[in-house]
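Residue numbers (my numbering): 239 to 564.
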């Protein structure tokens, strides 16, 4: 039976730690990212499998979801599988500013467009407000020249439709522009092979209490250490055009060099990768995108607690990465 038909919410099996950001706000340490859940970017998932996965995640304690209008039917599916009441008690982070118009991607970050995107998300999710609204990767120069984009988002916050506003920042330039414009939450890629951007803004983030939603903690699955050079990604899988054979070979070499972080206490490289991101004090929540219940349980059960990874081993990381050219 779909969660949308249930009238009550089961008690969570495990409460996730809450981490503070902005002015008195918090997020759970784990957020369920819906990019792969709502699209075929990692291959198609059947509806029955998606429903089982999302209900399992909720029952185990997930109370934060990252969605976007351009991520397929992610918003509708969440509402269909969980229902309004469960989503109302969750913290939802939605993107705005990118939308599909007649099948083509259109960008617009003016007040009317942001309001339209947010209202559409609220309707599809069956809720009347969300935790945060993020400008979805606006061009950095536009963010700087037209600071009214975040100003427009703040109007939505002041109306009580969202608690915080920020930016989805795929690059350091985006992150710097977001900080300059007063973002309260920034979605930023952070993982074992890509933490330079976070390091570059660490001091400002700490000083201004800006939240960091860490995305791509497993580098699109590579840091799970389950991919071989002979692997072929399906045509619609975004990784098939993200890395050519040479780039994939280099990345797999980098991943292999990280195996020294594994030990008897941490059986899986995916867990090592997750714990590395959780160990970053500036990270508010880590966005995970498991595709199966087994993958979810591996991450959820393995998330650990401070200090997450051996400080001695972590101290060697820069040298190890430099040795393999990462």
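Here a beta-carbon is modelled for each residue, glycine too, at the ideal position from N, C-alpha and C.
Note that the structure is a prediction, hence the values are computed from the model and not measured.
- By the C-beta criterion, the segment 348-357 is judged not to be in contact with the segment 416-424, since fewer than 3 inter-stretch pairs fall below 8 Å.
- Contact between residue 513 and residue 546 is confirmed by a C-beta separation of about 4 Å, below the 8 Å threshold.
- Residue 371 places its beta carbon less than 8 Å from that of residue 334.
- If you look at residue 270, you'll find it in the beta strand (DSSP E) that goes 268-271.
- Annotation: residue 337 is outside any alpha helix (DSSP H); the continuous beta strand (DSSP E) that includes it extends over 336-339.
- For residue 256, the enclosing beta strand (DSSP E) covers residues 256-259.
- Residue 493 and residue 454 have their C-alpha atoms roughly 14 Å apart.
- Remark: C-beta atoms of residue 398 and residue 367 approach each other more closely than 8 Å.
- About 13 Å separates the Cβ atoms of residue 303 and residue 322, ruling out a contact at the 8 Å cut-off.
- Between the segment 285-300 and the segment 470-480, the count of Cβ pairs shorter than 8 Å is below three; the stretches do not touch.
- Apart from the 5 residues on each side of it in sequence, residue 501 has no Cβ closer than 7 Å to any other Cβ in its chain.
- When rounded, the separation of the alpha-carbon atoms in residue 356 and residue 491 is 42 Å.
- In the structure shown, residue 552 falls within a helical segment according to DSSP collapsed to helix, strand and coil.
- Collapsing the DSSP output to three states places residue 292 in a helix.
- Judged by DSSP secondary structure, residue 403 falls within the beta strand (DSSP E) whose first and last residues are 400-406.
- In the DSSP assignment, residue 493 falls within the alpha helix (DSSP H) that extends over 483-495.
- Here DSSP, grouped into helix, strand and coil, assigns residue 326 to helix.
- Residue range 312-320 is occupied by the alpha helix (DSSP H) that includes residue 316.
- Burial of residue 436 is indicated by the presence of at least 16 other C-beta atoms within 10 angstroms of its C-beta.
- When DSSP reads this structure, residue 368 sits in a beta bridge with 400.
- In the structure shown, the three-state DSSP call for residue 452 is strand.
- When C-beta atoms of the segment 448-468 are compared with those of the segment 423-431, three or more pairs fall below 8 Å, so the two segments count as touching.
- When rounded, the separation of the alpha-carbon atoms in residue 342 and residue 408 is 21 Å.
- In the displayed model, residue 469 falls within coil according to three-state DSSP, outside both helix and strand.
- Annotation for residue 355: the continuous alpha helix (DSSP H) segment containing it runs 349-363.
- Residue 266 sits buried, since 16 or more C-beta atoms from the chains shown fall within 10 Å of its C-beta.
- Counting along the chain, residue 508 sits inside the alpha helix (DSSP H) bounded by residues 507-516.
- Here residue 463 is buried: its Cβ has 16 or more other Cβ atoms, across all protein chains shown, within 10 Å.
- Exclusion of the five residues before and after residue 274 leaves 280, 527 and 529 as the residues of its chain whose Cβ lies within less than 7 Å of its Cβ.
- According to DSSP, residue pairing for residue 345 in a beta bridge involves 336.
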